[in-house]
Amino acid sequence: MHGIGNRKYFTRAGDDLALANRAIGADWLRWIGQGGAKYAPTRPPLEALPVVYYADCLDQDIPMGTADVESLGPLGRELFVTWAEEFGRASLGEQWADQISQNGAHKWLVRKPAEALVKHFGEQVRDLLARASDSLACYFDPLDTGRREKVRQRVADALREHRPRVVLAHSLGSVVTYETLCADPDLGEGIDLLVTLGSPLGVPRVVFDRLDPAPGVKGIRPPRVKRWVNIADVGDPVALPPGRLGERFEGLDEDITVSLNVLNPHGVKNYLMCRELADVLGRHLG
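If you use this note's numbering, the sequence shown closes out at 286, no skipped numbers anywhere.
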């Protein structure tokens with residue numbers, strides 16, 4: 001299940017869903033193959049890797065190729081500011097909140113948090129959180145629940161069709177996958193391993209408290225899924241807080257922290273090619 005920033009596949013395919021599916025599947029298969037060849041050379045290479053494509057279901061406010069926080073809608077702005085608060089607090093401590101406080105109107109005013117992110121962490125972090133907030137706002141939008149339902153239905157249909165032993169879910173894809181599996185326990189039947197990559201599932205007030213079905217105090221491993229492994233880059237601002245997802249979810253079997261790429265810590269290519277994923281897959285597919 002792919003994450004944010006994948007609308008480009010649909011555009012390049014001329015809005016042809018089948019072509020977009022094949023293109024993203026080919027990329028994922030190549031990247032996993034490269035990681036496997038490097039770190040698990042004795043493991044037989046995968047012959048196919050179906051990827052559930054759903055980016056066409058999300059009508060985002062930020063134009064593709066930009067990260068203009070001022071273009072975010074109301075929910076996107078709220079998520080962006082909240083995410084900035086959580087990321088800064090995890091990195092710099094409680095004093096971070098004072099730098100982005102905006103006299104109670106912070107849910108709608110994005111300029112000061114955006115400037116603070118650039119000052120302390122660089123433009124890339126600001127841009128990544130802007131795009132992630134945009135995608136999540138589309139998915140969580142309470143005024144248009146049809147998009148969320150359509151995305152989850154597409155994932156559910158794919159799980160019924162392929163009945164996979166192993167499921168990989170990156171970024172927003174981990175949220176969709178988690179919700180879909182928890183909403184219909186039968187879908188977890190036969191899944192030996194769920195691997196979440198760069199997952200925002202544990203981010204308070206941004207994702208965790210908006211999950212459906214609601215997790216309560218702590219979430220759970222999706223029903224009937226035998227094993228759940230999470231992999232997060234220490235510098236990935238989307239996957240907060242790295243190494244601590246187990247504090248939010250019961251039944252998480254492994255929470256692996258990696259350091260992959262300071263320039264693109266959330267990129268799926270880096271996750272799919274990493275040694276840790278190759279090791280995890282080797283134990284289940286070898």
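Using N, Cα and C, we set each Cβ at its ideal position, and we do this for glycine too.
As the structure is a computational prediction, the values presented were derived from the model and not from experiment.
By alpha-carbon positions, which one of P74, P113, L75 ends up nearest to F87?
Comparing Cα positions, the closest option is P113.
Find the nearest neighbour of V52 within the set R163, A132, L109, D68, judged by alpha-carbon distance.
Looking at the Cα atoms, R163 is the closest of the given residues.
Spell out the partners DSSP gives V293 in its beta bridges.
The displayed coordinates of the chain run from 1 to 286. Any statement about residue 293 would go beyond what the structure contains.
Please list, in chain order, all residues of the same chain as V155 whose beta carbon is under 8 Å from its beta carbon, the five residues on each side excluded.
Only M1, V52, Y54, V176, T177, T180 meet the Cβ criterion.
What are the start and end residues of the beta strand (DSSP E) that includes D27?
Per DSSP, D27 lies in no beta strand (DSSP E) segment; the continuous alpha helix (DSSP H) that holds it begins and ends at 17-39.
What are the boundary residues of the beta strand (DSSP E) that includes T257?
Unbroken beta strand (DSSP E) run through T257: 254-258.
Sufficient close CB pairs (3 or more, under 8 Å) joining the stretch 225-236 to the stretch 195-206:
In this structure the stretch 225-236 touches the stretch 195-206; the number of beta carbon pairs closer than 8 Å is three or more.
Give the straight-line distance between the Cα atoms of D68 and A214, rounded to the nearest whole angstrom.
About 31 Å.
Flag this pair as yes or no: are the beta carbons of L285 and V167 separated by less than 8 Å?
Contact check for L285 against V167 fails: the beta carbons are separated by 8 Å or more.
Is the stretch 72-88 in contact with the stretch 21-30, if contact means three or more CB pairs nearer than 8 Å?
Pairwise C-beta distances place the stretch 72-88 out of contact with the stretch 21-30, as fewer than three of them are shorter than 8 Å.
Which of the three DSSP states is assigned to D184 in this structure?
Coil at D184, not helix or strand.
If I measure Cβ to Cβ from W96 and keep anything under 6 Å in the same chain, skipping five residues before and after, which residues do I get?
For W96, where only same-chain residues beyond five positions count, the Cβ hits under 6 Å are G88, R89.
Please tell me whether R248 and G216 are closer than 8 Å, where the distance is taken between their beta carbons.
No.
Answer with buried or exposed for L143, where buried requires no fewer than 16 other C-beta atoms within 10 angstroms of its C-beta.
Under this definition L143 is an exposed residue.
A55 (DSSP reduced to helix, strand or coil)
Looking at A55 - three-state DSSP - the assignment turns out to be helix.
Compare the C-alpha of L159 against each of S259, A132, E189 and name the closest.
In this structure, E189 is the residue among S259, A132, E189 with its C-alpha nearest to the C-alpha of L159.
Segments assigned beta strand (DSSP E), at least 3 residues, entirely inside the stretch 218-270
If one requires a minimum length of 3 residues, the beta strand (DSSP E) runs lying completely within the stretch 218-270 are 228-233, 254-258, in chain order.
Below 8 Å on the Cβ atoms is my contact criterion, and I expect C274 with G14 to pass it. Report the Cβ-Cβ distance as a whole number of Å.
Taking the Cβ atoms as the reference, C274 lies roughly 33 Å from G14, outside the contact range of under 8 Å.
If you draw a straight line from the alpha carbon of P45 to that of L281, how long is it in whole angstroms?
One C-alpha to the other measures close to 11 Å.
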